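Residue numbers (this note's numbering), protein chains in the order written: chain A, 1 to 279; chain B, 1 to 279.
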């Protein structure tokens with residue numbers, strides 16, 4: 001049996017009782033490193049909090065291992081219980097869908113233990129989840145690569161009065177371009193996109209396109225460390241949020257569409273002026 | 001302190017460790033009855049499984065109580081710890097947003113414990129969550145009330161190649177029309193919309209509109225008891241799903257947009273012909 005277990009967003013205590021039971025009865029436990037490195041602050045020797053609480057030794061599986069050695073993991077799952085731990089919910093990322101497809105093809109039984117993910121936890125800001133349009137991903141711009149296909153999607157959502165969740169780029173264990181040219185893999189240091197960088201890129205694209213999909217006065221909500229004890233949620237115009245230090249990762253951003261009165265009331269609690277007044 | 005704690009989708013074991021800790025240190029524990037009655041099979045004397053596991057007595061708060069007596073609940077939370085348990089994630093429904101707004105106005109500290117909800121657990125069928133358009137709600141049609149504003153939304157999503165999550169009507173403790181006329185509240189028996197009823201209503205509206213937003217050959221995914229041990233997920237055309245007995249509540253439905261290869265591979269596992277072949 002392969003258990004794919006969502007860990008939720010905060011720390012080791014966000015696992016469900018069902019998930020913990022599955023971990024405890026598994027002979028082998030893997031944790032996906034791609035996002036857990038950032039959200040749980042897990043380093044190669046920093047698993048101890050999780051290992052202590054779960055009572056199991058845990059193997060960190062980086063993206064290469066998941067993609068290249070999936071069959072080894074699955075082979076173990078044919079004859080014993082294997083737990084694969086994932087930050088958030090198991091189906092937030094394509095990689096895990098792929099793992100399930102491979103498992104099913106090999107005839108390995110799969111059980112999924114759900115948990116909170118960014119996709120539903122953003123509800124905390126008060127904007128109703130059923131009033132979101134298509135989600136967009138904002139990649140880090142480079143000198144030569146500045147893709148802006150998100151622009152039309154945001155524009156479309158806003159014309160319909162819908163909110164837009166922007167997932168911000170995470171780069172963990174990316175081979176550097178230089179090392180690829182040399183034929184020997186070396187990795188860039190991990191990077192995550194901050195709210196301010198996201199807004200700068202959004203405004204740069206708006207300036208180029210000039211179709212007023214949004215402006216620096218458009219209301220947004222910035223999130224940092226969503227679901228953690230020290231999460232930060234701030235609502236304000238793009239211009240205002242540019243000045244906010246959201247601190248450590250992970251960040252995400254919502255571009256607000258038309259709001260209903262209850263949504264408006266909740267947003268007010270997170271608005272910048274109010275927050276400063278309270279401080 | 002007011003803790004608003006998501007219970008997840010399955011049963012009492014889907015609470016997180018963080019949530020359980022908060023329940024255990026609360027002086028008073030309420031559970032929202034609106035959906036928990038159906039999903040957890042909780043009747044007035046059927047709370048014992050939860051109460052046993054959580055080690056606390058729990059008060060069932062129906063919608064009237066939440067809406068009319070919120071201030072009593074909040075008053076208790078000013079001087080002690082109060083836990084308010086909610087099926088799924090706390091921000092799936094407007095009612096809870098409203099409770100948070102009231103709490104903040106009264107100066108009551110609020111902590112949210114997130115969990116899985118329909119909005120992210122539908123990821124299990126393999127359709128990527130960032131490729132969904134606006135969510136729609138399908139209300140029970142009556143002889144005189146057949147609202148169809150969902151039609152344009154589905155049409156729009158499909159034109160863009162996006163998937164559409166249809167939330168199906170739940171009617172718990174609705175005062176009957178007759179009783180309202182008599183001025184004395186009596187309640188209709190609880191009803192939940194089955195996948196087949198949802199599809200019948202969708203096809204009726206398509207026939208009236210005739211704009212080919214979808215047809216009986218459009219691929220959909222029907223879900224029953226999502227996140228439970230006995231969940232059922234079946235993919236097929238509307239016509240095919242009409243014939244499937246999805247069993248007890250809750251149900252929901254996804255109308256599939258354009259699919260990527262990985263999405264297609266996952267959907268295949270849930271397709272009807274395949275399932276029958278395996279049986």
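Note that beta-carbon positions come from the ideal geometry of N, C-alpha and C, so glycine has one too.
No experiment lies behind these values; they were computed from the predicted model shown.
Contacts of residue i in chain B (Cβ-Cβ under 7 Å)
i, result
"residue 133 of chain A", "133 and 134"
"residue 124 of chain A", "91 and 112"
"residue 77 of chain A", "Here the premise fails: no neighbours, minimum Cβ distance about 17 Å."
"residue 271 of chain A", "Going along chain B, no residue has its Cβ under 7 Å from residue 271 of chain A, so there is no contact; the nearest lies around 12 Å."
"residue 61 of chain A", "Ordered by position in chain B, no residue passes the 7 Å Cβ test against residue 61 of chain A, which lies about 19 Å from the chain."
"residue 198 of chain A", "Here the premise fails: no neighbours, minimum Cβ distance about 16 Å."
Proximity test, Cβ basis, 9 Å: residue i and chain B
i, result
"residue 219 of chain A", "no"
"residue 156 of chain A", "yes"
"residue 251 of chain A", "no"
"residue 90 of chain A", "yes"
"residue 107 of chain A", "no"
"residue 144 of chain A", "no"
"residue 8 of chain A", "yes"
"residue 2 of chain A", "no"
"residue 70 of chain A", "no"
"residue 53 of chain A", "yes"
"residue 56 of chain A", "no"
"residue 12 of chain A", "yes"
"residue 83 of chain A", "no"
"residue 149 of chain A", "no"
"residue 33 of chain A", "no"
CB contact below 9 Å: residue i versus chain A
i, result
"residue 225 of chain B", "no"
"residue 26 of chain B", "no"
"residue 160 of chain B", "yes"
"residue 212 of chain B", "no"
"residue 48 of chain B", "no"
"residue 235 of chain B", "no"
"residue 137 of chain B", "yes"
Strand pairing of residue i, partner residues [DSSP]
i, result
"residue 28 of chain B", "B:82"
"residue 170 of chain B", "B:192"
"residue 255 of chain A", "A:164 and A:220"
"residue 69 of chain A", "DSSP lists no partner for residue 69 of chain A."
"residue 16 of chain B", "A:16"
"residue 337 of chain B", "Given that chain B is displayed from residue 1 to residue 279, the structure contains no residue 337 of chain B and the question cannot be resolved."
Under 8 Å by beta carbon: chain A residues contacting residue i
i, result
"residue 15 of chain B", "16 and 17"
Range of the contiguous beta strand (DSSP E) that encloses residue i
i, result
"residue 219 of chain B", "219 to 224"
"residue 61 of chain A", "59 to 61"
"residue 232 of chain B", "232 to 237"
"residue 137 of chain A", "136 to 138"
9 Å Cβ cut-off: residues of chain B touching residue i
i, result
"residue 267 of chain A", "Simply none; closest approach about 10 Å."
"residue 205 of chain A", "Chain B residues near residue 205 of chain A: none, gap ~19 Å exceeds 9 Å."
"residue 262 of chain A", "94, 97, 98 and 101"
"residue 168 of chain A", "The contacting residues do not exist; residue 168 of chain A stays about 13 Å from chain B at best."
Contact list for residue i against chain B, beta-carbon separation under 8 Å
i, result
"residue 20 of chain A", "17"
"residue 104 of chain A", "269"
"residue 194 of chain A", "Chain B residues near residue 194 of chain A: none, gap ~20 Å exceeds 8 Å."
Range of the contiguous alpha helix (DSSP H) that encloses residue i
i, result
"residue 3 of chain A", "Where residue 3 of chain A is concerned, there is no enclosing alpha helix (DSSP H), although the beta strand (DSSP E) it sits in stretches over 2 to 6."
"residue 87 of chain A", "Run containing residue 87 of chain A: none; DSSP gives neither H nor E here."
"residue 113 of chain A", "Looking at the DSSP string, residue 113 of chain A is not in any alpha helix (DSSP H); the run it does join, the beta strand (DSSP E), is 110 to 113."
"residue 215 of chain B", "First-last for residue 215 of chain B: undefined, no H or E at that position."
"residue 153 of chain A", "150 to 159"
"residue 130 of chain B", "Segment: none, residue 130 of chain B is in no alpha helix (DSSP H) and carries neither H nor E."
"residue 118 of chain B", "118 to 121"
"residue 49 of chain B", "48 to 54"
Chain-ordered chain A contacts of residue i [CB-CB under 7 Å]
i, result
"residue 119 of chain B", "119, 120 and 129"
> Three or more beta-carbon pairs under 8 Å between the stretch 155 to 168 of chain A and the stretch 242 to 256 of chain A, yes or no?
Replying inline: A contact exists between the stretch 155 to 168 of chain A and the stretch 242 to 256 of chain A.
>> Does the contact criterion of 3 or more C-beta pairs under 8 Å hold for the stretch 49 to 62 of chain B versus the stretch 4 to 15 of chain B?
In response: Because the criterion of three Cβ pairs below 8 Å is met, the stretch 49 to 62 of chain B and the stretch 4 to 15 of chain B touch.
> Counting Cβ pairs, one atom from each stretch, are 3 or more of them under 8 Å apart for the stretch 134 to 144 of chain A and the stretch 152 to 167 of chain A?
Replying inline: The stretch 134 to 144 of chain A is in contact with the stretch 152 to 167 of chain A.
> Per the contact definition of three or more C-beta pairs closer than 8 Å, is the stretch 233 to 246 of chain A in contact with the stretch 265 to 273 of chain A?
Replying inline: In short, these stretches touch, since the Cβ pair count reaches three.
> Is it true that the stretch 232 to 241 of chain B meets the stretch 203 to 220 of chain B, where meeting means three or more beta-carbon pairs spaced less than 8 Å apart?
Replying inline: Contact between the stretch 232 to 241 of chain B and the stretch 203 to 220 of chain B is present, with at least three C-beta pairs closer than 8 Å.
>> Is it the case that the stretch 83 to 103 of chain B contacts the stretch 19 to 34 of chain B, given that we only count it when at least three CB pairs across the two stretches are under 8 Å?
In response: With a cut-off of 8 Å, the stretch 83 to 103 of chain B and the stretch 19 to 34 of chain B count as touching, because enough Cβ pairs lie within range.
> Can we say the stretch 150 to 161 of chain B touches the stretch 202 to 216 of chain B, given the rule of at least three CB pairs closer than 8 Å?
Replying inline: Contact between the stretch 150 to 161 of chain B and the stretch 202 to 216 of chain B is established, with three or more Cβ pairs separated by less than 8 Å.
> Is there contact here, the stretch 62 to 76 of chain B with the stretch 116 to 127 of chain B, by at least three beta-carbon pairs under 8 Å?
Replying inline: No: the two stretches stay apart, fewer than three of their Cβ pairs being nearer than 8 Å.
>> Pairs of beta-carbons, one from the stretch 99 to 109 of chain A and one from the stretch 260 to 269 of chain B, closer than 8 Å: are there three or more?
In response: Yes, since at least three Cβ pairs between the stretch 99 to 109 of chain A and the stretch 260 to 269 of chain B fall closer than 8 Å, the two stretches touch.
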